[in-house]
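Below: one structure, written as structure tokens.
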Amino acid sequence: MDIYKLLKLNKKIKNHRVKFLGLYILHKLNKRYLAVNLDPVLACNLRCKMCYFTDEEYVKKLKGQFKEEEIKRVAETVFNRALKLQVGCGTEPTLYKKLPELIALGKAYKVPYISLTTNANLLTEEKIEELLIAGLNEFTISLHGVKKESYENFMKKADYEKFHAAFNAFKKLKEKYDFKVRINYTFNKDNFHELKDFFQYFDGGSFDILQVRPIQKIGNTEYNDFDISSLKDDYSEIIQEISEHCKSNKITLLAPKSIAKLAQKNEASFIFDYTFCYVSPTSFWKESFNWKEESFNEYSKKIGWSKLLFSNIFKSKKQLSTTSNKLNYDVNFN
Numbered sequence: 213m214d215i216y217k218l219l220k221l222n223k224k225i226k227n228h229r230v231k232f233l234g235l236y237i238l239h240k241l242n243k244r245y246l247a248v249n250l251d252p253v254l255a256c257n258l259r260c261k262m263c264y265f266t267d268e269e270y271v272k273k274l275k276g277q278f279k280e281e282e283i284k285r286v287a288e289t290v291f292n293r294a295l296k297l298q299v300g301c302g303t304e305p306t307l308y309k310k311l312p313e314l315i316a317l318g319k320a321y322k323v324p325y326i327s328l329t330t331n332a333n334l335l336t337e338e339k340i341e342e343l344l345i346a347g348l349n350e351f352t353i354s355l356h357g358v359k360k361e362s363y364e365n366f367m368k369k370a371d372y373e374k375f376h377a378a379f380n381a382f383k384k385l386k387e388k389y390d391f392k393v394r395i396n397y398t399f400n401k402d403n404f405h406e407l408k409d410f411f412q413y414f415d416g417g418s419f420d421i422l423q424v425r426p427i428q429k430i431g432n433t434e435y436n437d438f439d440i441s442s443l444k445d446d447y448s449e450i451i452q453e454i455s456e457h458c459k460s461n462k463i464t465l466l467a468p469k470s471i472a473k474l475a476q477k478n479e480a481s482f483i484f485d486y487t488f489c490y491v492s493p494t495s496f497w498k499e500s501f502n503w504k505e506e507s508f509n510e511y512s513k514k515i516g517w518s519k520l521l522f523s524n525i526f527k528s529k530k531q532l533s534t535t536s537n538k539l540n541y542d543v544n545f546n
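In structure tokens form, the structure reads like this:
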């Protein structure tokens, strides 16, 4: 299954009624439509300046990890409805000791696509291969700086050499395994222009997807300059240059085409709140869901989930207005 073709299809289908009809049918037929985003452990080995892990008060409250029996219950509850399983959503999953077992569990439930979001600093070639053998389909790698100085400045406690060692391992293991590597580059006004030199520092044969996304306010972060208006004149030109490099390396680029587009209403996100299922040691989809005792279907019936999906078919876009900025980028296959 190609997740990125589904993303592009979501952008192409403009009629929200068609999307909700599809979700309603999938739900009623007990088919997969959820994007399960799972944080198995609430911790991180880095202190990135654009991340809430630099908020000391927040970190004090962010504690916990799943026990093995709890992970099995999570799988039993929602994995059979997951179209995609994203391990690592807001924390660092490589700190979880039974990570390969978690990936294998996802495959045991026949989840079509499993991705791991990580800063890659704890990945070695041996650990990467272990995850691939377990059935991992994709590594999604967080990056906040192209060059060593900016990388280690924005991603405090990170090691630039260890980071690149992981990419060397990716390139080597691509000769033996079928998997994708996606880079998520979070930019601000101070690290954006480095992107024009991206392919001087990163081998196009070591990754498959590049996402360029703007800084967002996600708490009381150390770096808190969210104004990217100064990039307006250079943004499109640099993105176009990156696009050409991606094309020559057969890399999929995910990026808004302009700064102005970031401010536009994102109609592609109407279904986001109905497909996104966040799971952590302290949270499970919706607050009232007693997941340790209820099944997904039992809870859905209790809250009238199918009725809500059906009623959304007949609602206007204004009634369905979303505050989510997810999916607000263009998918360019090369």
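With the sequence shown counted from 1, adding 212 to any position gets you my numbering. Beta carbons: idealized from backbone N, C-alpha and C, even for Gly.
Buried or exposed: which applies to residue i, given that a residue is buried once 16 or more other Cβ atoms fall within 10 Å of its Cβ?
{"i": "Thr-231", "result": "Note on identity: in this sequence residue 231 is Lys, with Thr being the wrong assignment. Under this definition Lys-231 is a buried residue."}
{"i": "Ala-378", "result": "buried"}
{"i": "His-356", "result": "buried"}
{"i": "Ile-454", "result": "buried"}
{"i": "Ala-381", "result": "buried"}
{"i": "Ile-427", "result": "buried"}
{"i": "Ala-247", "result": "buried"}
{"i": "Glu-387", "result": "exposed"}
{"i": "Ile-450", "result": "buried"}
{"i": "Asp-420", "result": "buried"}
{"i": "Ala-370", "result": "buried"}
{"i": "Asn-349", "result": "buried"}
{"i": "Asn-436", "result": "exposed"}
{"i": "Leu-335", "result": "buried"}
Any idea which residues DSSP pairs residue i with across the strands?
{"i": "Val-393", "result": "Phe-351"}
{"i": "Pro-426", "result": "Phe-399"}
{"i": "Arg-259", "result": "Lys-368"}
{"i": "Phe-496", "result": "Val-491"}
{"i": "Lys-531", "result": "Looking at the sequence shown, residue 531 is not Lys but Gln. BP columns for Gln-531 are empty, so no partner."}
Excluding the 5 residues flanking residue i on each side, which residues of the same chain have their C-beta closer than 6 Å to its C-beta?
{"i": "Arg-229", "result": "Ile-525"}
{"i": "Val-299", "result": "Leu-250, Pro-305, Leu-328"}
{"i": "Phe-587", "result": "Summary: the structure shown does not reach residue 587, with the chain confined to residues 213 through 546, and so no result is reported for it."}
{"i": "Asn-403", "result": "Gly-357, Ser-362"}
{"i": "Phe-496", "result": "Trp-503"}
{"i": "Phe-410", "result": "Val-358"}
Enumerate in chain order the residues of its own chain whose CB-to-CB distance from residue i is below 7 Å, with the five nearest sequence positions on each side excluded.
{"i": "Lys-564", "result": "Any question about residue 564 goes unanswered here, given that the chain covers just 213 to 546."}
{"i": "Gly-431", "result": "Tyr-264, Asp-267, Tyr-270"}
{"i": "Thr-289", "result": "Trp-503, Ser-507, Phe-508"}
Looking only at its own chain, which residues have a Cβ that is under 8 Å from the Cβ of residue i, when we skip the five neighbours before and after it?
{"i": "Glu-406", "result": "Gly-357, Val-358, Lys-359, Ser-362"}
{"i": "Gly-347", "result": "Ile-315, Ala-316, Gly-318, Lys-319, Ile-326"}
{"i": "Asn-396", "result": "Thr-329, Thr-352, Ile-353, Ser-354, Leu-355, Gln-423, Arg-425"}
{"i": "Lys-514", "result": "Glu-506"}
{"i": "Arg-285", "result": "Trp-503, Lys-504"}
{"i": "Leu-385", "result": "Glu-337, Ile-340, Glu-341, Leu-344, Phe-391"}
By the three-class DSSP mapping on this structure, what secondary structure does residue i have?
{"i": "Tyr-216", "result": "helix"}
### Complete alpha helix (DSSP H) runs within the segment 223 to 255 (minimum length 4 residues, chain order)
Listed in chain order, they are 228 to 240.
### Message
If we require 4 or more residues per run, which alpha helix (DSSP H) segments fall completely within the segment 412 to 475?
### Response
Runs found: 444 to 460, 471 to 474.
### Message
Quick check on the DSSP output: what are the complete beta strand (DSSP E) runs of length 3 or more inside the segment 290 to 363, in order along the chain?
### Response
The segment 290 to 363 contains these whole beta strand (DSSP E) runs: 294 to 299, 325 to 330, 350 to 355.
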